[in-house]
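Comments concern the structure below.
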Amino acid sequence: MVEFKIKDPSLAEEGHKQIEWAEVHMPVLMSLRKSYMSKKPLKGLKISAALHVTKETAVLVRTLKAWGAEVYLAPSNPLSTQDDVAAALVEDGINVYAWRGMSTDEYFWAIEQVALKEPNIVLDDGADLHATLHDKYRNIASNLEGGTEETTTGVIRLRALEREGKLLYPVIAVNDAYTKYLFDNRYGTGQSAVDGILRATNILIAGKVAVVAGYGWVGRGIALRLRGMGARVIVVEVDPIRALEAVMDGFEVTNMKEAARKGDIFVTATGDKDVIRKEHMELMKDGAILANAGHFNVEINIPDLESLAVEKREIRRYVVEYKLKNGKRLYLLAEGRLVNLVAAEGHPSEVMDMSFSNQALSVMYIHQNKDKLPRKVLRVPRELDESVARRKLESMGIRIEELTEEQKKYLESWKV
Ligand code: ADE
């Protein structure tokens with residue numbers, strides 16, 4: 004019996020089509036699914052996942068099911084679920100507890116549902132499931148073979164748990180695989196965040212002053228794409244090395260107070276809270292647009308925005324206009340949540356192909372090495388990471404060069 008709580012089961016037909024579309028664009032994960040399907044390497048395992056419920060996640064969880072696992076799926080954000088996909092997954096035998104527009108309580112209820120299934124392995128994006136298991140269900144956590152973590156913010160939280168000596172199972176930081184962050188964080192968010200801003204606002208990017216807060220992999224992807232569309236991009240960064248990189252990549256770099264006066268569009272991608280706060284909002288131009296691409300809705304201080312406002316209305320879907328006491332209007336997109344997943348569809352399938360191939364391979368790796376792995380935050384093994392790159396290149400019809408035996412010897416020798 005499949006368990007579920009979703010918006011509307013009748014949306015399944017549309018969801019199946021969306022999943023098929025994603026499958027066409029996820030050749031690596033599909034080839035992995037096929038390669039291991041007959042062996043059923045996850046037979047008898049219960050897997051609980053807290054991931055954005057998208058068509059790409061559907062391809063991942065269907066793969067885990069095809070490999071023999073029983074899968075329980077909660078969302079990793081209250082506003083990111085694609086309800087048609089959720090309905091299709093239920094028809095496919097996946098247990099789903101997710102719908103778009105959940106309250107915070109409903110969101111944590113869903114996380115608890117999947118935690119309470121006593122899974123063998125957990126997959127998470129942002130670490131709310133890992134945190135819930137460590138906070139409230141330590142017995143269940145202690146019996147886990149291991150888990151994975153999809154995103155930078157989640158890995159930072161798990162490292163904090165590890166530092167305190169409290170991590171109860173090994174976790175593979177999928178985020179830190181090269182074939183994840185170099186592509187998903189940079190090109191995936193670079194494109195999908197701009198996609199979200201455009202779907203919400205339909206503004207012209209060319210000629211605008213865009214302020215990008217954070218010059219990590221996500222920030223640089225967004226800055227790159229906005230520049231590509233003709234924006235004059237200002238980067239705000241606290242790390243001196245990253246700030247210097249941004250300068251030498253040709254961006255204007257300054258602090259938020261200065262940038263606040265100049266920007267037409269603000270995009271936060273730092274992973275920290277209060278990046279845009281009252282003192283900045285008060286300086287902004289009339290009509291400035293505020294969007295967030297970081298995991299949690301804490302980067303733009305919304306209580307500050309509310310406290311400055313005398314009037315508030317939804318002017319378009321996912322665009323709320325705040326009229327401030329000083330007469331200026333600021334526009335907050337997607338309630339300050341991940342603009343790419345709320346106002347658009349998240350990263351394109353082609354990059355999720357690599358991220359989720361790392362997830363699938365990591366799950367298999369955890370199971371195969373369940374008695375050997377330390378209770379630490381671990382990297383995706385280099386061979387798996389490289390195998391994803393090789394399969395991706397192959398799917399793109401791209402050949403790469405190989406070293407000759409002589410070249411290998413040359414690289415291994417220290418002699419003059
Ligand atoms: N994170 C960012 N984009 C995503 C997508 N399309 N599916 C699942 N998780 C995501």
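Read in the numbering used here, the sequence shown has 256 at position 253, and its numbers run on one by one without any break. Cβ coordinates follow ideal geometry from the N, Cα and C atoms, glycine included. Note that this is a predicted model, so its numbers are computed, not measured.
- Nearest Cα to Asp-374 within the set Val-93, Lys-20 and Gly-149: Gly-149.
- Per the coordinates, the alpha-carbon of Glu-285 lies some 51 Å from the alpha-carbon of Leu-376.
- Around the beta-carbon of Ala-209, fewer than 16 other beta-carbon atoms lie within 10 Å, marking it exposed.
- Contact annotation, Val-56 with Pro-78: C-beta distance approximately 5 Å; criterion of less than 8 Å satisfied.
- The C-beta of Arg-189 has 16 or more other C-beta atoms within 10 Å across all chains shown, which makes the residue buried.
- Restricted to the stretch 18-87, the alpha helix (DSSP H) segments that are unbroken, complete and at least 4 residues in length are 30-40 and 58-69, listed in chain order.
- Rounded to the nearest whole angstrom, the CA to CA distance from Arg-162 to Arg-378 is 11 Å.
- For Thr-273, there is no enclosing alpha helix (DSSP H), as DSSP marks it with neither H nor E.
- In terms of Cβ geometry, Ser-51 and Val-117 form a close pair [threshold 7 Å].
- For Glu-59, the closest C-alpha among the options Tyr-218, Val-322 and His-350 is that of His-350.
- When the beta-carbon positions are compared, Phe-269 and Leu-293 come within less than 7 Å of each other.
- Short of 7 Å from the beta carbon of Arg-65, and not among the five residues preceding or following it, lie these beta carbons of its own chain, in chain order: Asp-95.
- For Val-174 against Thr-151, the beta-carbon gap comes to about 7 Å, under 8 Å, which counts as contact.
- Exclusion of the five residues before and after Arg-36 leaves Thr-66 and Ala-69 as the residues of its chain whose Cβ lies within less than 7 Å of its Cβ.
- The DSSP assignment places complete beta strand (DSSP E) segments of no fewer than 3 residues inside the stretch 280-360 at 291-295, 312-319, 322-327 and 332-336, in order along the chain.
- Of the residues assessed, Glu-153 falls on the buried side of the cut-off, its CB having 16 or more other CB atoms within 10 angstroms.
- Closer than 6 Å to some heavy atom of ligand 1: that does not describe the Cβ of Glu-317.
- In this structure, Ser-352 keeps its C-beta atom at 7 Å or more from the C-beta atom of Val-391.
- Between Val-239 and Asn-295, the alpha-carbon positions lie close to 14 Å from each other.
- C-alpha of Arg-103 to C-alpha of Glu-408: approximately 56 Å in a straight line.
- Ranked by Cα distance from Asn-372, the first of Arg-223, Glu-73 and Ile-124 is Ile-124.
- By the 16-neighbour rule on beta-carbons within 10 angstroms, Asn-258 is exposed.
- Note that the C-beta distance between Ala-91 and Ala-25 is not below 7 Å.
- Sequence-distant Cβ neighbours of Tyr-334 in its own chain, meaning closer than 8 Å and more than five residues away, are Thr-204, Gly-290, Ala-291, Ile-292, Leu-293, Ile-318, Val-322, Val-323, Glu-324 and Tyr-325.
- Following the DSSP letters along the chain, one finds Asn-98 inside the beta strand (DSSP E) bounded by residues 98-100.
- Here the distance from the Cβ of Met-355 to the nearest heavy atom of ligand 1 is below 6 Å.
- For the set Val-27, Gly-71 and Leu-171, the Cα lying nearest the Cα of Pro-44 is the one of Gly-71.
- Assigned with DSSP and collapsed to three states, Gly-129 falls in coil, not helix or strand.
- Using a Cβ distance threshold of 7 Å, Leu-82 and Val-345 count as a contacting pair.
- C-alpha of Glu-23 to C-alpha of Arg-320: approximately 27 Å in a straight line.
- Secondary structure remark: continuous beta strand (DSSP E) runs of at least 3 residues inside the stretch 202-234, in chain order: 212-216.
- When the alpha-carbon of Leu-132 is set against those of Thr-273, Glu-348 and Gly-157, the nearest one is in Gly-157.
- Of the candidates Ala-249, Ile-244 and Ile-206, the residue whose Cα lies closest to the Cα of Ala-226 is Ala-249.
- In this structure, ligand 1 has no non-hydrogen atom nearer than 6 Å to the beta-carbon of Thr-182.
- Exposure of Asp-242 is indicated by the presence of fewer than 16 other C-beta atoms within 10 angstroms of its C-beta.
- Val-74 is the residue among Leu-126, Ser-34 and Val-74 whose C-alpha sits nearest the C-alpha of Phe-7.
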